[in-house]
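Working notes for the structure below.
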Amino acid sequence: MDIKKRNIVIAIMVAMFLGAVEGTVVTTAVPTIVKDLSGVGLISWIFSAYFLTSAITTPIYGKLADLYGRKRTLSVGIVIFLVGSALCGLSQTMYQLIAFRVLQGMGAGAIFTVTYTIVGDIFT
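Under our numbering, the first residue of the sequence shown is numbered 193, with each subsequent residue one higher.
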């Protein structure tokens with residue numbers, strides 16, 4: 193594998209790592225989140241909002257990547273994901289947190305879809 197391909201694969205691995213870790217890292221913080229934001233009844237939505245949104249946006253980002261290019265679509269997805277992550281940290285209520293997890297999931301949908309597509313493009 194040449195250096196350019198190797199660097200692309202490393203960048204893709206980092207992006208995938210961020211998306212995958214964010215989906216599960218919240219699990220360890222749930223007790224603190226519930227205590228601080230007073231939202232025991234909404235715990236499941238913290239996870240569901242992220243995973244449902246990423247699943248729903250996956251085919252949409254696939255088409256957008258075909259229309260507008262892989263790099264641009266992945267870049268937009270990463271920005272959406274990072275903005276959602278920052279806003280999650282600033283959440284004052286459970287409803288805000290859930291809304292921002294939806295935003296994160298929208299970005300993660302792009303990351304998951306486009307990274308697989310880029311790997312396929314590189315190695316086929």
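Yeah, the Cβ is synthetic: ideal placement off N, Cα and C, and Gly gets one too.
All values derive from a computational prediction rather than experimental measurement.
Are Leu-256 and Ala-302 touching if we call contact CB-CB under 9 Å?
yes
Which ranges would you report for the alpha helix (DSSP H) in the region 220–284 if only whole runs of at least 4 residues count?
235–260 and 262–281
Sorted by chain position, which residues of the same chain lie with C-beta nearer than 8 Å to Asp-313's C-beta, five sequence neighbours on each side aside?
Arg-262
If contact is defined by three or more beta carbon pairs under 8 Å, each pair taking one atom from either stretch, is the region 198–205 in contact with the region 245–252?
no
So Tyr-286 is in the alpha helix (DSSP H); what residue range does that whole segment cover?
The question names Tyr, but residue 286 is Met in the sequence shown. Taken as a continuous stretch (DSSP letters only), the alpha helix (DSSP H) holding Met-286 covers 286–315.
How about Ile-294 and Ala-241: do their beta carbons lie closer than 9 Å?
In the sequence as displayed, the identity of residue 294 is Val instead of Ile. Yes, Cβ-Cβ distance for Val-294 and Ala-241 is below 9 Å.
With the cut-off set at 9 Å, would you say Ile-270 and Ala-207 are in Cβ contact?
yes
Suppose you measure from the CA of Thr-220 to the CA of Met-193; what does that come to, to the nearest Å?
38 Å
Can you give me the C-alpha to C-alpha distance between Thr-245 and Trp-237, rounded to a whole angstrom?
11 Å
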